[in-house]
Amino acid sequence: LLRALGAAAGFAPGLERIEGAFDSLQQQGEAARLSLAGGRTIDARLVVAADGAGSAVRAAAGINSRELPYGQTAVVANFACGQPHHGVALQWFDPAEGVIALLPLPGDRLSLVWSAPRELAGALAADEANLAARLAPRCRPFVGELTAIGPAQSFPLRRVIVDRLIGSRLALVGDAAHVVHPLAGQGLNLGLADVSELLRVLAGREEWRDPGDPVLLRRYERSRAEPVGLMRFATHALARLFARDDAFSREFRNLGLSAVDALPPLKNALVRHAAEPGARP
2 LLRALGAAAG
12 FAPGLERIEG
22 AFDSLQQQGE
32 AARLSLAGGR
42 TIDARLVVAA
52 DGAGSAVRAA
62 AGINSRELPY
72 GQTAVVANFA
82 CGQPHHGVAL
92 QWFDPAEGVI
102 ALLPLPGDRL
112 SLVWSAPREL
122 AGALAADEAN
132 LAARLAPRCR
142 PFVGELTAIG
152 PAQSFPLRRV
162 IVDRLIGSRL
172 ALVGDAAHVV
182 HPLAGQGLNL
192 GLADVSELLR
202 VLAGREEWRD
212 PGDPVLLRRY
222 ERSRAEPVGL
232 MRFATHALAR
242 LFARDDAFSR
252 EFRNLGLSAV
262 DALPPLKNAL
272 VRHAAEPGAR
282 P
């Protein structure tokens, strides 16, 4: 993805890539002024913060955020598989061990995201060979033997909720704007939908409006409130539901999944929504 973005940027006229760590943000009349660690300053009519869950730009703008931990840790690793994956993603839900997702990569490679209880996650991330062995009983029938490619990484899972998506000449996108549980694989899609919607709002602005006009930024914020809120609710509810192991929760899960599988129109609609979260009616 980064290579594709870099290649596309080469064809964008007027685009300048500036290397440098963010230092501070101030308002300077008709522009926002970004100061970089090396001393350089940049004046812009609109700043788009896409610097992740711990966004320094968001904090500098005085936008409050809340972090709500899930008590789980995501273990991420890449594997070569012994059989072709045919572009199919695999996912397992285990109340004791968490949510295991294998996502297809180019060639015969897979990316693992295992949302595991903290204690288990530490053991999983410590030894890639042991991690592959733990996955083998589930994965072997579908993709054959797994061979680790590089070390595993881990990071704590939490929701991040911000007070607002906009500030003075500022818009938040991606993880700087929201962080949801990864079990549905929708974090990246949400961020791309943020960018798509912000571009739509800017492209449709009145000729006399400044790109950083508060009216435009409020349009963007309002348009993202519902899809982000629904995805946050859905992923949180699913994470809690699949973490429970009582009889009622098991039956409810099984009934829900069976109902979706038995109704192709509903299943197809859910797939379309997951694949295109930024689509508009």
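Okay, so the sequence shown: first residue is 2 according to our numbering, each after it adds one. Backbone N, C-alpha and C define an ideal beta-carbon position, used for all residues, glycine too.
8 Å contact criterion, which residue i and residue j should meet: CB distance rounded
| i | j | result |
| --- | --- | --- |
| Glu198 | Tyr221 | 6 Å |
| Leu37 | Val48 | Leu37 to Val48, Cβ: 13 Å. No contact. |
| Val144 | Gln92 | With a Cβ gap of about 13 Å, Val144 and Gln92 do not count as contacting. |
| Glu55 | Arg119 | Glu is not the amino acid found at residue 55; the sequence shown has Gly there. Contact doesn't hold; Cβ gap of about 20 Å is too wide. |
Whether residue i touches residue j by CB criterion (8 Å)
| i | j | result |
| --- | --- | --- |
| Arg59 | Ala149 | no |
| Val181 | Gly192 | no |
| Ala117 | Leu125 | yes |
| Leu113 | Ala90 | no |
| Arg159 | Pro70 | yes |
| Leu217 | Leu200 | no |
DSSP state of residue i mapped onto helix, strand, coil
| i | result |
| --- | --- |
| Gly11 | coil |
| His182 | coil |
| Ala127 | helix |
| Val163 | strand |
| Ala45 | strand |
| Arg4 | helix |
| Pro142 | helix |
| Ser36 | strand |
| Leu173 | strand |
| Asp195 | helix |
| Gly188 | helix |
| Arg18 | coil |
| Arg210 | coil |
| Val261 | Because Val261 sits at a pLDDT of 45, beneath the cut-off of 50, its placement in the model cannot be relied upon, and the following sentence gives the value as read from the coordinates. DSSP places Val261 in helix when its eight states are reduced to three. |
| Gln29 | strand |
Output the residue ranges of the beta strand (DSSP E) runs that lie fully inside the region 51-98 and measure 3 residues or longer, sorted by chain position. 66-82, 91-95
Contact between the region 148-166 and the region 17-34: three or more CB pairs below 8 Å? no
Just checking, does the region 87-97 make contact with the region 51-68 on the three C-beta pairs under 8 Å criterion? no
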